[in-house]
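All residue numbers for the sequence shown refer to our numbering, where the first residue is 14 and numbers rise by one. Think of the CB as a built atom: it goes at the ideal place given N, C-alpha and C, for glycine as much as any other residue. Below: the structure, in structure tokens.
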Amino acid sequence: MFPKKIFLIFLFFLLCISFASAGSVARTLSTNSIATGGDVTVTLTVTVSGETYYAIDETIPNGWTIKNSGTGATDEAGHLKWVVIQSAANTAYNYVITAPSTQGTATITGTYMFEGDTTEQTITGASTITVVAATTCSTFADCGAGQLCCSNSCITPACVTNSDCGTGNICTDANTCNAQCTPASVGCTDDSNCSSGQICCNNACIAPACASSADCGTGQVCDNPGECNAECVTGCDTEADCASGQKCCSNACKTPKCSSNSDCTTGYQCSNPGECNAACNIIPIKKMSVLVPEYLVNNQSFDVIVMDDTTDAPIEGAKVTYAGTTKNTNTEGKTNFTAQKSQYLIKIEKEGYAPITIQRFVKDSGNTPGVTPIPSGDLQIFVVEGEVYINESFTVLVTGAEEQPIENAAITYGTQSQTTDSEGKTTLTGTRNVFLIKATNNGKTATLQIFPKTRQGGGDECNNNGECETELGETTENCPEDCKEEPAQLDWITLAGATVLGIVAIIIILRIYYSRQ
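Structural data, given as structure tokens:
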């Protein structure tokens, strides 16, 4: 630990050195966006270039708390400090901070001084973290790609692989709610990284609870000897030797890991309930295929049929929501609705399956066509605001099977080609007699049929393209720039004829006049 006074004296000592320093400190973050209450692992990578000593002072944003200071000193509130007074070498420091309960943007600041520096230097690298509202969840399926459901909130794990951590660090409890970056000197990747008598468990070196039954008390045996989950338990020959609720498993009384799904955490289910090999395993997310008409017709009924995408078996009890009404599918996987104007979205949900949302255009008249398959594994494409009008812009949205926006999806509509932004959106212009929009991303495709309309009525239909389009309701009154009254044009043939007749008439009159003289 380094009190503030000693830290300042050390900085003064650094200022007395005359040569220039080339050492540096760079910061990396496990994520730059975190839900309220989530943890962020910060790594400071120190690069030495011949220096002997250095000092680092990292300032934590207001409202954030230090969950794990690593090797940093915490004598001054809101600060983490490291001082090396000899044999400085390349290294990496890790610490973990917890986001506040309020949303907003926070900035980590920090300075350092190496032997030879005459002024404090600013730590480079990532520094800004955005705190967003925690998305509530009950299963992993409720969260976006790359997120986990932890304590009913969707979070992005601090790390998934060792590559997510800085140099000299490893990812412990990788891709779990407790994941964090740990210095390799503390953690491990296999037993060879640990001292004698220790084993590597979840990237941490520990001594197992027992290596054999000899390590246990009278009447006990070692279950899973020498393993991470080793424990001393009551020995048995039959279940009668065990306490109520226990099973005799390989001569050891053990309580099954689970007896029902309620014994498992959210997102997991109990396999082999109540047996020796009972275990809570993650619930696999299956996919649905949905049959709906290619388009809907106002005030006409339509069917929605939901099936398992792998077995094609109908799914009973799937929740289908349309126009604010939710119905469950029957034993045939079917339910029925009446199409309503301006109600385009159909959402299908079923526990254990990836949800799917479908958009269908609602025509004013005609007959509802038969159902067509929509596999939930493909992309989904929607018109954000329903109606599409000729020569007017409209926005489309592309999402994945779990309704997450898809960035950089290629969109084609007639001769128009666009790419979606980070929100999965792009803008197109309605074109007469062009009905199909296609989205493509990473080998997956989605198509959407639209029916561009001509806007009726007057007042605000002008598109100022210099062409008077009566089908849009443009007139000389409401669109004077487009619909200018054309000036009367001269008829040159009539004019030439009139001129000739005039000349002939003059000649005749002159001859008559002179003949009378």
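- Distance from the CA of Pro-327 to the CA of Gln-431, rounded to the nearest whole angstrom, comes to 37 angstroms.
- Of the candidates Ile-521, Ser-82, Gly-36 and Val-61, the residue whose Cα lies closest to the Cα of Val-53 is Ser-82.
- Within the DSSP secondary-structure output, Cys-218 pairs in a beta bridge with Cys-213.
- According to the DSSP assignment, Asp-236 belongs to the beta strand (DSSP E) that extends over 233-236.
- In this model, Val-144 and Ile-394 are separated by some 29 angstroms (Cα to Cα).
- Distance from the Cα of Val-246 is smallest, within the candidate group Ser-257, Lys-466 and Val-234, for Val-234.
- The shortest C-alpha to C-alpha distance from Phe-350 to any of Leu-309, Ala-291 and Asp-250 is the one to Leu-309.
- Note that the C-beta distance between Phe-374 and Gln-462 is below 9 angstroms.
- A distance below 8 angstroms between beta-carbons, with the five flanking residues on each side excluded, links Thr-344 to the following residues of its chain, in chain order: Pro-327 and Glu-329.
- DSSP places Val-411 within a strand segment (E or B) once states are collapsed to three.
- Note on the region 443-468: whole beta strand (DSSP E) runs with a minimum of 3 residues are 449-454 and 457-462, in chain order.
- In this chain, Asn-311 is not harboured by any beta strand (DSSP E), its DSSP state being neither H nor E.
- Per DSSP, reduced to three states, the secondary structure at Leu-392 is coil, with no helix or strand assignment.
- Counting the other Cβ atoms within 10 Å of the Cβ of Pro-74 gives 16 or more, which makes it buried.
- The region 147-164 and the region 118-127 do not touch, with fewer than three beta-carbon pairs separated by less than 8 angstroms.
- Rounded to the nearest whole angstrom, the CA to CA distance from Phe-464 to Thr-425 is 16 angstroms.
- Your pair Ala-101 and Thr-65 checks out as a contact, with CB atoms roughly 6 angstroms apart and the cut at 8 angstroms.
- Linking Ala-222 to Thr-202 through their CA atoms gives a straight-line distance of about 20 angstroms.
- Here Glu-71 is bridged, per DSSP, to Leu-93 and Gly-123.
- Taking the Cα positions, Asn-404 is about 27 angstroms away from Pro-306.
- Counting only runs of 3 or more residues that sit fully inside the region 141-184, the beta strand (DSSP E) segments are 141-145, 161-163 and 166-168, in chain order.
- The Cβ-Cβ distance between Leu-410 and Asn-454 does not fall below 9 angstroms.
- Annotation: the region 276-358 contains the following complete segments of the beta strand (DSSP E) (minimum length 3 residues), in chain order: 281-284, 292-295, 301-306, 314-321, 332-335, 338-341 and 347-351.
- The straight-line gap separating the alpha-carbon atoms of Cys-172 and Ser-43 is approximately 6 angstroms.
- Short of 8 angstroms from the beta carbon of Ser-263, and not among the five residues preceding or following it, lie these beta carbons of its own chain, in chain order: Asp-236 and Cys-289.
- The C-beta of Ser-209 has fewer than 16 other C-beta atoms within 10 Å across all chains shown, which makes the residue exposed.
- Taking the CA atoms as reference points, Asn-182 sits about 30 angstroms from Cys-293.
- With contacts defined as CB atoms closer than 9 angstroms, Asp-316 and Ser-302 fail to qualify as a contacting pair.
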